[in-house]
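A short write-up of the structure that comes next.
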Amino acid sequence: MRSIDRRSFVRGTVAASTLIGLSPIARAAPVTLRVGYGGAAEEPLWLLIAKPELGKNSGTVYTIDAIKFQGSDKRAQAFEANAIDLAAGGANGVIFAAAEGVLAKIIASICRESSRGFSTAYYANAQSTIKSPADLKGKIVGINGFSTSGHLWLWAALGKHGLSDADVTIAPIPFPAMQEALAAGKIDVGEFPQPFAALLEKEAAVRKIFDAKYGMPFEEELDVLIAKDGFLKKNSAAVRAFLEDLSDAMRFYLERPREARQLLIDSKMVRVSPAVYLDMKDYYRDPSLRPDADALVKMQEFQVKAGFQKKSIDIRSLVDATYLPR
Numbered sequence: 006m007r008s009i010d011r012r013s014f015v016r017g018t019v020a021a022s023t024l025i026g027l028s029p030i031a032r033a034a035p036v037t038l039r040v041g042y043g044g045a046a047e048e049p050l051w052l053l054i055a056k057p058e059l060g061k062n063s064g065t066v067y068t069i070d071a072i073k074f075q076g077s078d079k080r081a082q083a084f085e086a087n088a089i090d091l092a093a094g095g096a097n098g099v100i101f102a103a104a105e106g107v108l109a110k111i112i113a114s115i116c117r118e119s120s121r122g123f124s125t126a127y128y129a130n131a132q133s134t135i136k137s138p139a140d141l142k143g144k145i146v147g148i149n150g151f152s153t154s155g156h157l158w159l160w161a162a163l164g165k166h167g168l169s170d171a172d173v174t175i176a177p178i179p180f181p182a183m184q185e186a187l188a189a190g191k192i193d194v195g196e197f198p199q200p201f202a203a204l205l206e207k208e209a210a211v212r213k214i215f216d217a218k219y220g221m222p223f224e225e226e227l228d229v230l231i232a233k234d235g236f237l238k239k240n241s242a243a244v245r246a247f248l249e250d251l252s253d254a255m256r257f258y259l260e261r262p263r264e265a266r267q268l269l270i271d272s273k274m275v276r277v278s279p280a281v282y283l284d285m286k287d288y289y290r291d292p293s294l295r296p297d298a299d300a301l302v303k304m305q306e307f308q309v310k311a312g313f314q315k316k317s318i319d320i321r322s323l324v325d326a327t328y329l330p331r
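Under my numbering, the first residue of the sequence shown is numbered 6, with each subsequent residue one higher.
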């Protein structure tokens, strides 16, 4: 009788100790967030990718699987195919995709086109005969992709001179390759966001032809962070933790820009010389990360007018700021 009790006791003790041993591990494993990013204007996001330890929730609530895309079209395709969970990209492209049925929630603002900061510029070589958008008829213009912010700014600038994008040849070129294309004469004018504009002005003899605010003189969302509603609802805790860390990264970048930019250089996230990058003029960034729905509405109006969209959609329904820190 005693031996049976002893065996029962041992079995019970082993079972209890196993449960006790598991209890600290019962917490959910970090959620892997597949994040698609690009090569321009996304510094606060790059900081979290380069130095995950900057985020207090990184490694415990979530981890980042970062995937870089050279062009906005490939990033959009990956998002539509569910190959990435979150994507940083141009707000105009997000609006266009939504009008075509690829719905996404805009959950954060990374930067804006604004008179309060740098505006994406279009440059020609200094010896070019091109002096203004009026001289672009029959020329080759390099932009980052069709139906993007850069495409719309080009359309608006041409429109001020009675021209349209049908009067030029558009060459989709990734931003890192734009300077080389301009120098080689493959394009007559190229679109340059930061840090590529600062690098171009430092290294080449060029002339600024116009910028994004030339034809669209109001504030716009430039780069936003998007995700699909189903993913957000399924992984709300991880997304909230990630955005809390992104908010901290934004604050660090705005308060200590030189230190943040040097970190990005040291981690090879940015391959631009410190002499160019550390003090370059930057885009306006809202510290709260909150998307500007009114600006997005105005942007859609321009897209419909330009023929980029066949129909308007409820833009405000695309914005979901509920995952941001309160």
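Yeah, the Cβ is synthetic: ideal placement off N, Cα and C, and Gly gets one too.
inquiry  = Quick check on residue 276: does DSSP put it in helix, strand or coil?
reply    = coil
query = Is DSSP giving residue 130 helix, strand or coil here?
reply = strand
ask   = Would you say residue 318 touches the ligand FMN, meaning its beta carbon is less than 8 Å from a heavy atom?
value = In terms of ligand content, the structure shown is empty, and the ligand FMN therefore cannot be addressed.
query = For residue 239, does the three-state DSSP call read helix, strand or coil?
reply = helix
ask   = For the 8 Å Cβ check, are there 3 or more pairs between the stretch 134-142 and the stretch 87-100?
value = no
query = Whose C-alpha, out of 185, 330, 209, 122, is nearest the C-alpha of residue 281?
reply = 209
ask   = Quick one, which of 107, 130, 279 has its alpha-carbon nearest residue 194's?
value = 130
Sub-9 Å separation of residue 250 and residue 63 beta-carbons = Cβ distance < 9 Å, so residue 250 and residue 63 count as in contact.
query = To the nearest angstrom, how far is it from the Cα of residue 100 to the Cα of residue 53?
reply = Taking the straight line from one Cα to the other gives about 26 Å.
query = Assuming residue 285 and residue 184 make a contact with CB atoms under 8 Å, what is their CB distance in whole Å?
reply = Contact flag wrong, Cβ pair sits at about 15 Å.
request  = Assess, as a yes-or-no matter, whether the stretch 231-245 is touched by the stretch 145-162 under the definition of 3 or more beta carbon pairs within less than 8 Å.
outcome  = Counting Cβ pairs under 8 Å, fewer than three are found: no touch.
request  = Taking only the alpha-carbon atoms, compute the straight-line gap between residue 252 and residue 202 and give it to the nearest angstrom.
outcome  = 26 Å
message = What residue range does the beta strand (DSSP E) around residue 223 cover?
response = No beta strand (DSSP E) holds residue 223; DSSP gives it neither H nor E.
ask   = Should residue 241 go down as buried or exposed, given a rule of 16 or more other Cβ atoms within 10 Å for buried?
value = exposed
query = Quick one: what's residue 247 bridged to in DSSP?
reply = Per DSSP, none; premise fails for residue 247.
key: Proximity to residue 259 [Cα-Cα], best of 50, 43, 40   = Looking at 50, 43, 40, the one whose alpha-carbon comes closest to that of residue 259 is 50.
Proximity below 9 Å, CB of residue 283 to CB of residue 266 = Yes, the pair counts as a contact, with Cβ atoms nearer than the cut-off.
ask   = Helix, strand or coil for residue 88 per DSSP?
value = coil
task = Sort 239, 154, 318 by Cα distance to residue 77 and report the nearest one.
result = 154
query = Alpha carbon to alpha carbon, what distance is there between residue 257 and residue 325?
reply = 24 Å
ask   = Run through DSSP, which three-state label would residue 47 get?
value = coil
query = If we ignore side chains and look at the alpha-carbon of each, how far apart do residue 214 and residue 68 end up?
reply = Each residue's alpha carbon lies about 42 Å from the other.
query = Around the C-beta of residue 180, are 16 or more other C-beta atoms found within 10 angstroms, so that it is buried, or is it exposed?
reply = buried
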